[in-house]
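Peer 1: Okay, handing you the structure first.
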Amino acid sequence: MLVSLILVLNPYGLEIIEAAFFAGQGLSRSIWGPIALTIFAMMAAAILMEWLIRIYVFKRRARGATIA
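The following block contains the structure:
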């Protein structure tokens with residue numbers, strides 16, 4: 159989650175967001191819009207995977223170690 163935040167808030171990320179959604183030129187918005195949305199979807203998938211792995215690890219630790 160921290161990596162996604164860093165990617166969005168660095169100067170390149172802010173420039174992509176500005177070009178995709180706040181640019182005065184329609185051509186710039188139409189080019190960068192789908193690119194930015196794809197990047198957001200990939201970051202959301204990475205955050206979801208991180209949370210699923212955390213939940214899995216916490217449940218595994220809660221069961222405790224069993225010795226056969």
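Heads up, the sequence shown is in our numbering, so the first residue is 159 and it goes up one at a time. Every residue gets a Cβ at the ideal spot worked out from N, C-alpha and C, and that includes glycine.
In chain order, what residues of the same chain lie with their CB nearer than 6 Å to the CB of methionine 201, ignoring the 5 residues before and after it?
Peer 2: Ser162
Peer 1: Let's test the definition: count the other Cβ atoms within 10 Å of the Cβ of alanine 178 and tell me whether it reaches 16, buried, or not, exposed.
Peer 2: Residue burial is scored here from C-beta neighbours: alanine 178 has at least 16 other C-beta atoms within 10 angstroms and is therefore classed as buried.
Peer 1: Helix or strand or just coil, what does DSSP make of glycine 182?
Peer 2: coil
Peer 1: Could you tell me the distance, in whole angstroms, from the CA atom of alanine 181 to the CA atom of leucine 167?
Peer 2: So the alpha carbons of these two residues sit roughly 18 Å apart.
Peer 1: Should tryptophan 209 be labelled buried (16 or more other beta-carbon atoms within 10 Å of its own) or exposed?
Peer 2: exposed
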